[in-house]
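To start, the structure itself, in structure tokens.
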Amino acid sequence: MPHTLVEIWQANAGGRYVHVRDQHPAPLDPNFTGAGRALTDADGRYRFVTIKPGAYPWRNHHNAWRPAHIHFSLFGPSFLSRVITQMYFPGDPLFQYDPIFQSVTDERARERLVSRFDLATTEPEWALGYQFDIVLRGRSATPLEEPHDH
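The opening position of the sequence shown corresponds to residue 3 in our numbering, with each subsequent residue numbered one higher.
The structure is reproduced here in structure tokens:
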């Protein structure tokens with residue numbers, strides 16, 4: 003979608019969010035806010051430069067860890083029209099243990115939540131590049147989180 007607000011939020015490399023409710027003892031980085039916003043261009047493309055988030059414990063069952071992921075929100079004409087999803091990284095060994103990832107029962111749909119490493123997007127000697135296409139409709143739609151009250 004052209005000219006659409008995309009927002010991300012994520013844990014830092016140690017697996018900790020910059021949020022008062024995150025009590026994980028991993029260190030905080032004073033130079034990392036854990037969030038960003040960008041507008042898509044005329045072709046619906048966007049770009050974020052960030053760190054790869056770390057996995058983190060979340061105590062919903064014994065020895066539970068969330069795989070590395072980045073949360074995405076896309077906003078429609080107002081903040082009331084918002085969709086949310088998560089992007090994961092290829093080959094994460096925690097996929098099979100994560101109830102959120104596994105809650106998407108269609109394996110092909112789960113695969114659409116995993117970004118693609120892309121050498122052309124990679125910045126030489128600086129940053130690895132990943133591609134993540136968010137598809138809103140049709141057979142190839144990206145799984146979205148169900149709306150819920152806060």
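The C-beta atom is built at its ideal place from N, Cα and C for all residues, glycine as well.
The structure presented is a predicted model; accordingly, all values stated were derived computationally and were not measured.
So Tyr90 and Pro69 are in contact, right, with Cβ under 8 Å, and what is the actual spacing, rounded? 6 Å
Residue range of the beta strand (DSSP E) that Glu9 falls in? 7 to 12
Are the CB atoms of Gly17 and His26 within a distance shorter than 9 Å? Contact: yes.
Using only alpha-carbon positions, find the residue among Asn62, Val137, Gly93, Ala122 that is nearest to Ile102. Asn62
Leaving out the 5 sequence neighbours to the left and right, which residues in its chain are closer than 6 Å to Glu9 when beta-carbon positions are compared? Arg39, Ser75
What do you reckon, are the CB atoms on His73 and Gln12 nearer than 9 Å? yes
Under the three-state reduction of DSSP, which class applies to Pro59: helix, strand or coil? Pro59 falls in the strand class under three-state DSSP.
Limits of the unbroken alpha helix (DSSP H) element including Gln88: Unbroken run through Gln88 is the beta strand (DSSP E), 84 to 90; no alpha helix (DSSP H).
For Val116 and Pro126, I'd like the C-alpha separation in whole angstroms. 23 Å
Which runs of the beta strand (DSSP E), 3 residues or longer, sit entirely within the segment 65 to 137? List check, beta strand (DSSP E) in window: 71 to 77, 84 to 90.
Can you give me the start and stop residues for the beta strand (DSSP E) that Leu41 sits inside? 37 to 41
Per-residue burial, Gln98 [other beta carbons within 10 Å of its own, 16 or more giving buried]: exposed
Are the beta-carbon atoms of Gly46 and Pro4 separated by less than 9 Å? Yes, Cβ-Cβ distance for Gly46 and Pro4 is below 9 Å.
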